[in-house]
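Residue 0 is where the sequence shown starts when you use numbering that gives the first Met the number 0, and the numbers rise one by one after that. Please read the structure below before turning to the comments.
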Amino acid sequence: MNATADTALTRPIRRVAVLGAGTMGHGIAQVSATAGYETTLYDIDMATVEAGLARIRRNLDKGVEVGKVDPDDRRATLGRLRLTSDLPRAVREADLVVEAAPERIDLKHELWRAVEREVDENALLATNTSSLSIARLAEALERPERFLGLHFFNPVHIMALVEVVWGPRTDEATRSDGMAFARSLGKEPILVKDSPGFASSRLGVLLGLEAMRMVEEGVASPEDIDRAMELGYRHPMGPLKLTDLVGLDVRLSIAEYLHETLGSEAFRPPEILRRLVAQGKLGKKTGEGFHVWRNE
């Protein structure tokens, strides 16, 4: 796909900066570069950025191995990637900045203030937050009308859904460009009004938390609970496997936020989640959560 030829965009997007090279950021950078965008991957130190690039290489290599990625496309994708730990350099020429920093409002506010000092005045600004308020995050910006949520799903290079989340000050052109950009990546976007947890996290977290309570009560094992949803409801992955993939610490933070903002006891984090996080059992990234994971 020729990313720069998408006539639905109201502003030209040729260069993309992705802020954060972790679980989500490296995947967003990969699909951006694959779609034809010159893409810069940024994090606070080069070791983290290099680790993100290594994950991209593994994804592409596996795609070539199973016949889903052409070797020429692999080379072209890697050729469009630039790496940096210099924030001004990352965003100064970007037409779109996608932030994939940890889910802390104070951290994101600080980052967005720094970005807006450097980025072009016409650039589109997006956050990959899975649950934090777009309106709250936009408080850090002088021009919140060009800011929205682009919530990708893990693993980004496989999952089709993108939530395009608009806040109360997001303008119509920004909404339109968010939808067009997601489509240019080969994704299927849905448009969602800013609300705690948006659509997907609010539903997905609720299911995951109930699955955890069932484990606490001894209703069934994590394996059988996941199998019930995979076989009975055709979910591609059970709620506890998904929690492990996302990270138990991330799920805990989101659940606490939703419990506080929505005031519903359904989102109160179960004790088993708090205990596993305290023990450092965070899911796939640590090798153990509700399941035991082997290194790939």
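We put the CB at the ideal spot given by N, CA and C, even for glycine.
(message) Buried or exposed, going by whether 16 or more other CB atoms sit within 10 Å of the CB of residue 143?
(response) buried
(message) Taking contact to mean 3 or more Cβ pairs, one atom from each stretch, closer than 8 angstroms, check whether the segment 171-185 and the segment 237-251 are in contact.
(response) no
(message) If you measure between the beta carbons of residue 127 and residue 108, is that distance less than 9 angstroms?
(response) Contact: no.
(request) Consult DSSP for residue 249 and reduce its assignment to one of helix, strand or coil. (result) helix
(request) Could you give the DSSP three-state label for residue 280: helix, strand or coil? (result) coil
(request) Put residue 165 into one of helix, strand or coil per three-state DSSP. (result) strand
(request) Sort out for me which residues DSSP pairs residue 232 with in a bridge. (result) In the DSSP output, where bridge partners are listed per residue, residue 232 has none listed.
(message) With H, G and I counted as helix, E and B as strand and the rest as coil, what does DSSP make of residue 10?
(response) coil
(message) So, at 6 angstroms on beta carbons, what are the nonlocal neighbours of residue 15 in its own chain, with the 5 sequence-adjacent residues on each side left out?
(response) Its chain contains 31, 36, 38, 95 as the residues whose beta carbon lies nearer than 6 angstroms to that of residue 15, once the 5 sequence neighbours on both sides are disregarded; these appear in chain order.
(request) Return the residue from the list 269, 251, 186 that minimises the CA-CA distance to residue 311. (result) Not covered by the structure: residue 311. The range shown for the chain is 0 to 295.
(message) Taking the alpha helix (DSSP H) that residue 189 belongs to, which residues open and close that run?
(response) Taken as a continuous stretch (DSSP letters only), residue 189 belongs to no alpha helix (DSSP H), being part of the beta strand (DSSP E) at 187-192.
(message) For residue 171 and residue 92, I'd like the C-alpha separation in whole angstroms.
(response) 23 angstroms
(request) Look up residue 287 in the DSSP assignment and say whether it is helix, strand or coil. (result) strand
(request) Compute the Euclidean distance between the alpha carbons of residue 260 and residue 78, then round it to the nearest angstrom. (result) 43 angstroms
(request) For residue 279, collect the residues of the same chain with a Cβ closer than 8 angstroms to its Cβ; drop the 5 residues on either side in sequence, then sort them by chain order. (result) 285
(message) Comparing C-alpha positions only, which one of 237, 58, 276, 137 sits nearest to residue 246?
(response) 276
(message) Give the list of continuous alpha helix (DSSP H) stretches no shorter than 4 residues that lie fully inside the segment 22-90.
(response) 24-33, 45-64, 70-78, 86-90
(request) Could you name the residues that DSSP lists as bridge partners for residue 149? (result) 163
(request) Determine the closest residue to residue 215 out of 273, 228, 106, with distance taken between C-alpha atoms. (result) 273
(message) From the DSSP secondary-structure annotation, give me the bridge partner or partners of residue 126.
(response) 98, 148
(request) Can you tell me which of the three DSSP states residue 202 falls into? (result) Correct three-state label for residue 202: helix.
(message) Taking 7 angstroms as the limit between beta carbons, can you name the residues of its chain near residue 162, skipping five residues before and five after?
(response) 148, 150, 189, 191, 197, 198, 199
(request) From the DSSP output, in three-state form, read off residue 214 for me. (result) helix
(message) Rounding to the nearest angstrom, what Cα-Cα distance links residue 262 and residue 12 in this structure?
(response) 40 angstroms
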